[in-house]
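Just so we're aligned, residue 161 is where the sequence shown starts under the numbering used here, counting upward by one.
Using N, Cα and C, we set each Cβ at its ideal position, and we do this for glycine too.
Note that the structure is a prediction, hence the values are computed from the model and not measured.
A short write-up of the structure that comes next.
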Amino acid sequence: MPIQQPPQRPPTPPRTMPSPTAIALTLSQDITALVSLSLETTASIVHDWLQLGLSAFGGKDDLTSIHFRPKSKIKDETGRGLAVVIVGASEAAGQSLTLHLAKCGYTTFPIVPLPNPESPPTSPALSTLLLQWSALQKRLRAKHPDHSGSVVPVMVDPEMPFDPRVQDRDRFRHAGETVRAYCKENNLFLVSIVCASRRTKSSFTGKPSCPPVERLEISAACSSRHDPDGEGVSQESPPIASDAIEFFNKPPKPHVLFVPRGLRPTSLTMSDERTLVDLYRANILDPLAIIRELSDLLTDAQVAGRGRGRVVFVNGENLGGIGIGATDTDTTYREEVTPAARLVSAMRSETARMLKEELNVMDVDVCEVVTGPMAPRTSLSRYRLRQSSDDWDDNGQAARQRVAGRPAPTPTPNVVRLRSPQSLRTKQDVLASRIAFLSRLWAVDNELLFSAVRHAVEDHYPRYRHHAGLTPFLETLAEVTPGSSIAKRIGRWVVGWILMPRGGKWRDDDAETVRRRRDAWVRDIAAAREREDERERQRQMERERVWARQRQSATDRVRQREREREREREERERERERAQRARVQREATRLDQDQDEEPVDWLTRFEQSFSLFLIWAGYAMACLSAMFMAQLNNRQPTR
Numbered sequence: 161m162p163i164q165q166p167p168q169r170p171p172t173p174p175r176t177m178p179s180p181t182a183i184a185l186t187l188s189q190d191i192t193a194l195v196s197l198s199l200e201t202t203a204s205i206v207h208d209w210l211q212l213g214l215s216a217f218g219g220k221d222d223l224t225s226i227h228f229r230p231k232s233k234i235k236d237e238t239g240r241g242l243a244v245v246i247v248g249a250s251e252a253a254g255q256s257l258t259l260h261l262a263k264c265g266y267t268t269f270p271i272v273p274l275p276n277p278e279s280p281p282t283s284p285a286l287s288t289l290l291l292q293w294s295a296l297q298k299r300l301r302a303k304h305p306d307h308s309g310s311v312v313p314v315m316v317d318p319e320m321p322f323d324p325r326v327q328d329r330d331r332f333r334h335a336g337e338t339v340r341a342y343c344k345e346n347n348l349f350l351v352s353i354v355c356a357s358r359r360t361k362s363s364f365t366g367k368p369s370c371p372p373v374e375r376l377e378i379s380a381a382c383s384s385r386h387d388p389d390g391e392g393v394s395q396e397s398p399p400i401a402s403d404a405i406e407f408f409n410k411p412p413k414p415h416v417l418f419v420p421r422g423l424r425p426t427s428l429t430m431s432d433e434r435t436l437v438d439l440y441r442a443n444i445l446d447p448l449a450i451i452r453e454l455s456d457l458l459t460d461a462q463v464a465g466r467g468r469g470r471v472v473f474v475n476g477e478n479l480g481g482i483g484i485g486a487t488d489t490d491t492t493y494r495e496e497v498t499p500a501a502r503l504v505s506a507m508r509s510e511t512a513r514m515l516k517e518e519l520n521v522m523d524v525d526v527c528e529v530v531t532g533p534m535a536p537r538t539s540l541s542r543y544r545l546r547q548s549s550d551d552w553d554d555n556g557q558a559a560r561q562r563v564a565g566r567p568a569p570t571p572t573p574n575v576v577r578l579r580s581p582q583s584l585r586t587k588q589d590v591l592a593s594r595i596a597f598l599s600r601l602w603a604v605d606n607e608l609l610f611s612a613v614r615h616a617v618e619d620h621y622p623r624y625r626h627h628a629g630l631t632p633f634l635e636t637l638a639e640v641t642p643g644s645s646i647a648k649r650i651g652r653w654v655v656g657w658i659l660m661p662r663g664g665k666w667r668d669d670d671a672e673t674v675r676r677r678r679d680a681w682v683r684d685i686a687a688a689r690e691r692e693d694e695r696e697r698q699r700q701m702e703r704e705r706v707w708a709r710q711r712q713s714a715t716d717r718v719r720q721r722e723r724e725r726e727r728e729r730e731e732r733e734r735e736r737e738r739a740q741r742a743r744v745q746r747e748a749t750r751l752d753q754d755q756d757e758e759p760v761d762w763l764t765r766f767e768q769s770f771s772l773f774l775i776w777a778g779y780a781m782a783c784l785s786a787m788f789m790a791q792l793n794n795r796q797p798t799r
């Protein structure tokens with residue numbers, strides 16, 4: 161009998177040693193994260209002791225503000241019986257916070273908008289979130305079958321473009337009713353609303369929604385803007401308030417956006433109006449709507465002895481960019497922080513301050529978590545310096561999943577995309593890119609962000625401002641330090657002097673070169689406009705052909721239905737005629753049969769009756785004859 165050989169294992173791929181740069185980068189991120197965590201934990205402990213001492217010294221029974229959390233046998237499960245609402249769960253930061261809070265035992269309600277009618281019917285953000293939670297839940301339930309964490313997505317109406325005709329659609333009313341009913345049915349207490357920062361769809365790539373063409377002078381743009389002959393390139397002026405509805409009813413026209421020399425394309429001056437409106441609605445109006453709908457549930461937690469409710473605003477530079485870089489050498493880990501994003505961040509901070517004053521009378525605390533530049537944790541295969549939990553996915557895989565779940569950027573079709581040559585980049589652009597690359601040394605990852613948010617949610621006496629990373633901590637320290645503005649300017653000058661590019665290629669060009677480039681740009685713009693007009697005419701002709709085919713097909717379908725109805729009507733008429741003829745024929749046949757059978761029956765009955773009559777008549781005559789003869793015999797005399 162032949163001996164069976166054991167199956168051979170497939171060869172193990174050789175382990176590649178990480179580069180020294182990757183090791184140094186990981187070590188730097190781990191050290192800065194450790195310092196940030198130590199500072200944040202120390203600040204929370206000192207603040208709790210200080211507030212507790214002030215409460216005891218003041219003689220106020222303020223111990224009710226401490227969260228009463230049920231004890232759990234599972235380690236780090238602090239959210240049993242508690243619920244948290246996550247606003248902005250369609251971004252990577254909101255999804256990361258949702259999964260981390262669910263891992264801690266909270267029942268999380270991520271707010272996810274439905275996809276637009278023109279987009280695919282499935283939501284990539286919701287699919288990615290559910291897949292990640294399914295994998296994480298399997299590992300948690302395998303270790304702890306009684307784990308209380310759960311993710312309950314709450315869908316809201318899709319984010320439609322701004323329309324002045326729509327007054328109030330109450331997009332979040334159904335979401336508030338859903339959360340309220342779920343908490344009541346499962347005996348949950350809503351303890352916090354976490355509002356993560358969001359971005360617009362046009363800013364996923366870190367580029368402006370309208371890529372402009374860089375110019376050297378403003379006069380040519382101003383002269384072409386008012387060109388009466390229409391030969392130059394023009395830019396439509398913004399509509400006035402009285403024509404707002406007509407403006408939104410009209411389709412956008414192709415145009416080219418000019419940027420003066422020295423002004424960056426991503427500056428606040430060149431920001432698109434629709435982008436600003438979407439940023440304001442997604443980061444200011446949507447969180448306020450959720451807080452308005454669920455403010456009563458936050459006060460119920462205080463009444464039930466579960467502590468004061470919390471509203472946490474998570475503000476940062478590029479919160480949606482967590483996990484963009486999938487490899488160690490990826491330089492696109494951090495998208496450019498535009499002035500529009502900084503403007504919205506400042507508005508969110510001011511909104512948090514105002515809400516803190518307003519909601520304090522309702523026993524609801526408002527906190528702000530400020531983050532620094534964010535980047536994914538560097539993956540070093542098995543040589544990780546800072547290991548994550550076994551229940552969490554590998555960073556590279558999680559990053560790839562988040563990137564796969566992110567919707568693709570939709571190009572703006574009404575803008576002629578003409579890019580400036582690479583040689584025209586300014587020194588400020590190169591300096592900003594170098595500073596952004598160096599900021600990866602102290603970048604913040606999703607675990608560090610969650611630790612700051614967890615302090616804001618679970619601290620007995622939460623501070624107003626929590627920090628994730630060293631950058632926001634140093635900025636807060638500089639705000640309260642006298643003379644910090646002078647130190648900032650000196651530091652910026654030193655950093656700029658060290659990192660500023662040098663070389664002959666950055667010298668200003670002469671007038672002839674400027675004129676040639678300007679003429680070339682004008683020709684390119686004119687050619688691009690002609691191509692765009694030609695494409696627009698072709699698209700219009702194609703739309704007209706499609707509409708004609710649709711109208712013809714609709715007319716043919718109507719005629720076909722009319723012919724089918726006519727045939728059905730004729731068929732029913734023929735059926736009725738055939739049934740009528742058959743009924744008339746049956747009636748005539750029955751009448752003929754009755755007429756034929758009636759004389760035969762009368763004659764037969766007459767013959768039978770006449771025969772009986774003759775028989776009875778003969779019998780009667782015989783009887784009468786016999787009686788008559790008997791009487792005659794009696795009357796004769798005897799002889």
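Handout entry: CA-to-CA distance, residue 654 to residue 664, given in whole angstroms
Key = As a position in the sequence shown, residue 664 is number 504, starting the count at 1. As a position in the sequence shown, residue 654 is number 494, starting the count at 1. Its pLDDT being 45, under 50, residue 664 is placed unreliably by the model, and nothing is read from it.
Handout entry: C-alpha distance - residue 248 paired with residue 474, whole-angstrom precision
Key = Locating residue 248 in the sequence shown gives position 88, counting from the first residue. Locating residue 474 in the sequence shown gives position 314, counting from the first residue. Spanning the two alpha carbons is a distance of roughly 10 Å.
Practice task
State the Cα-Cα distance for the pair residue 511 and residue 694, rounded to the nearest angstrom.
Solution key: To locate residue 511, count along the sequence shown from 1; it is residue 351. To locate residue 694, count along the sequence shown from 1; it is residue 534. Whole-angstrom Cα-Cα distance: 48 Å.
Handout entry: Backbone CA spacing between residue 439 and residue 609 [nearest angstrom]
Key = Position 279 of the sequence shown, counting from 1, holds the residue named residue 439. Position 449 of the sequence shown, counting from 1, holds the residue named residue 609. Using only the alpha carbons, I get a separation of about 22 Å.
Handout entry: residue 533, DSSP secondary structure in three states
Key = Translated into the one-based positions of the sequence shown, residue 533 becomes position 373. Note: residue 533 maps to coil in three-state DSSP.
Problem - Span separating the alpha-carbon of residue 642 from that of residue 237 - result: Along the sequence shown, read from residue 1 onward, the residue named residue 642 stands at position 482. Along the sequence shown, read from residue 1 onward, the residue named residue 237 stands at position 77. Within the model, the alpha-carbon separation for residue 642 versus residue 237 is close to 43 Å.
Exercise for the section: Would you mind working out which of 602, 272, 652 sits nearest residue 531, comparing C-alpha positions? Expected result: As a first step, residue 531 is located in the sequence shown; it is residue number 371 there, counting from the start. It is 602 whose Cα lies nearest to the Cα of residue 531.
Problem - Status (buried if at least 16 other CB within 10 Å, exposed otherwise) for residue 716 - result: Locating residue 716 in the sequence shown gives position 556, where the first residue counts as 1. Counting C-beta atoms within 10 angstroms of its own C-beta, residue 716 has fewer than 16 neighbours from the protein chains shown and is therefore classed as exposed.
Exercise for the section: Compute the Euclidean distance between the alpha carbons of residue 185 and residue 459, then round it to the nearest angstrom. Expected result: On the sequence shown, position 25 is the one that residue 185 refers to. On the sequence shown, position 299 is the one that residue 459 refers to. Taking the straight line from one Cα to the other gives about 45 Å.
Problem - Contacts around residue 336, its chain only, beta-carbon distance under 8 Å, and the 5 residues preceding and following it disregarded - result: Against the sequence shown, residue 336 aligns to sequence position 176. Within the same chain, 450, 453, 454 come within 8 Å of residue 336 by CB-CB distance, once the 5 residues on both sides are set aside.
Problem - Alpha-carbon to alpha-carbon, residue 507 and residue 660 - result: In the sequence shown, residue 660 corresponds to position 500, counting from 1. In the sequence shown, residue 507 corresponds to position 347, counting from 1. Approximately 32 Å between the Cα atoms of the pair.
Exercise for the section: State the start and end residues of the unbroken beta strand (DSSP E) segment that holds residue 355. Expected result: Here the question's residue 355 lines up with position 195 in the sequence shown. Element bounds for residue 355: 349-356.
Exercise for the section: Could you check which residue in 476, 448, 533 has the C-alpha nearest to that of residue 518? Expected result: Residue 518 sits at position 358 when you count from the first residue of the sequence shown. Among 476, 448, 533, the Cα nearest to that of residue 518 is on 448.
Practice task
Go through its chain and collect everything with a Cβ distance to residue 730's Cβ below 7 Å, but skip five positions before and after it.
Solution key: The residue given as residue 730 occupies position 570 in the sequence shown. None.
Exercise for the section: Apply the 10 Å Cβ neighbour rule to residue 260 and answer buried if 16 or more other Cβ atoms are within range, or exposed otherwise. Expected result: Along the sequence shown, read from residue 1 onward, the residue named residue 260 stands at position 100. So residue 260 ends up on the buried side.
Problem - Per-residue burial, residue 403 [other beta carbons within 10 Å of its own, 16 or more giving buried] - result: Along the sequence shown, read from residue 1 onward, the residue named residue 403 stands at position 243. In this prediction, residue 403 has a pLDDT of 45, which is less than 50 and means its spatial position is unreliable; what the coordinates show is noted afterwards. That one is exposed.
Practice task
Kindly indicate the opening and closing residues of the beta strand (DSSP E) around residue 626.
Solution key: Residue 626 sits at position 466 when you count from the first residue of the sequence shown. Going by DSSP, residue 626 is part of the beta strand (DSSP E) stretching over 625-628.
Exercise for the section: Select from 534, 701, 734, 313 the residue whose C-alpha is nearest the C-alpha of residue 192. Expected result: As a first step, residue 192 must be located in the sequence shown, where it is residue number 32. Closest by alpha carbon: 534.
Problem - residue 632 versus residue 616: straight-line alpha-carbon distance, rounded - result: By 1-based counting over the sequence shown, the position of residue 632 is 472. By 1-based counting over the sequence shown, the position of residue 616 is 456. When rounded, the distance between both Cα atoms is 15 Å.
Practice task
Provide the residue span of the beta strand (DSSP E) that contains residue 658, from first to last.
Solution key: For the purposes of this step, residue 658 is taken as the residue at position 498 of the sequence shown. Unbroken run through residue 658 is the alpha helix (DSSP H), 644-659; no beta strand (DSSP E).
Problem - DSSP-derived helix/strand/coil call for residue 264 - result: Along the sequence shown, read from residue 1 onward, the residue named residue 264 stands at position 104. Coil, per DSSP.
Exercise for the section: Compare the Cα-Cα distances from residue 527 to each of 774, 358, 354, 656 and report the closest residue. Expected result: Position 367 of the sequence shown, counting from 1, holds the residue named residue 527. Comparing Cα positions, the closest option is 354.
Practice task
Leaving out five residues on either side along the sequence, give the residues of the same chain with a beta carbon under 6 Å from the beta carbon of residue 243.
Solution key: Taking the sequence shown and counting its residues from 1, the one referred to as residue 243 is at position 83. Result list for residue 243: 267, 343, 348, 350, in chain order.
Problem - Reference residue 595, options 284, 651, 743, 781, closest by Cα - result: Position 435 of the sequence shown, counted from the start, is the residue given in the question as residue 595. It is 651 whose Cα lies nearest to the Cα of residue 595.
Practice task
Let me know the secondary structure DSSP gives residue 340 once reduced to three states.
Solution key: In the sequence shown, residue 340 corresponds to position 180, counting from 1. Three-state DSSP puts residue 340 in a helix.
Practice task
Please report how far the alpha carbon of residue 688 lies from the alpha carbon of residue 698, in whole angstroms.
Solution key: Indexing the sequence shown from 1 puts residue 688 at position 528. Indexing the sequence shown from 1 puts residue 698 at position 538. About 15 Å.
Exercise for the section: State the Cα-Cα distance for the pair residue 703 and residue 276, rounded to the nearest angstrom. Expected result: Taking the first residue of the sequence shown as 1, we reach residue 703 at position 543. Taking the first residue of the sequence shown as 1, we reach residue 276 at position 116. If you take the alpha carbons of residue 703 and residue 276, they lie about 22 Å apart.
Exercise for the section: Assign residue 472 to buried or exposed, taking buried as 16 or more other Cβ atoms, counted over all protein chains shown, within 10 Å of its Cβ. Expected result: As a position in the sequence shown, residue 472 is number 312, starting the count at 1. Result: buried.
Handout entry: Cβ-based burial, residue 646 [other Cβ within 10 Å; buried from 16]
Key = In the sequence shown, counting from the first residue as 1, residue 646 sits at position 486. Label assigned to residue 646: exposed.
Handout entry: residue 767 in three-state terms, based on DSSP
Key = Working through the sequence shown from its first residue, we reach residue 767 at position 607. Collapsing the DSSP output to three states places residue 767 in a helix.
Problem - Candidates 308, 286, 195, 748, of which the one nearest residue 612 by Cα - result: Taking the sequence shown and counting its residues from 1, one reaches residue 612 at position 452. With distances taken between CA atoms, residue 612 lies nearest to 195 out of 308, 286, 195, 748.
Handout entry: Of the residues 593, 357, 513, 516, the one placed nearest residue 441, counting alpha carbons only
Key = Taking the first residue of the sequence shown as position 1, residue 441 is located at position 281. The candidate whose alpha carbon is nearest that of residue 441 is 357.
Handout entry: Burial state of residue 345 (16 or more Cβ within 10 Å)
Key = The residue labelled residue 345 in the question sits at position 185 within the sequence shown. Around the CB of residue 345, fewer than 16 other CB atoms lie within 10 Å, so the residue is classed as exposed.
Exercise for the section: Could you tell me if residue 270 is buried or exposed, where buried requires 16 or more neighbouring beta carbons within 10 angstroms of its beta carbon? Expected result: Position 110 of the sequence shown, counted from the first residue, corresponds to residue 270. Around the C-beta of residue 270, 16 or more other C-beta atoms lie within 10 Å, and the residue is accordingly described as buried.
Handout entry: Sub-7 Å separation of residue 284 and residue 319 beta-carbons
Key = As a first step, residue 284 must be located in the sequence shown, where it is residue number 124. As a first step, residue 319 must be located in the sequence shown, where it is residue number 159. Taking C-beta atoms as the reference points, residue 284 and residue 319 fail to come closer than 7 Å.
Problem - Cβ-based neighbour list, residue 785, same chain, cut-off 8 Å, excluding 5 preceding and 5 following - result: For the purposes of this step, residue 785 is identified with residue 625 of the sequence shown, where counting begins at 1. Nothing listed; no residue qualifies.
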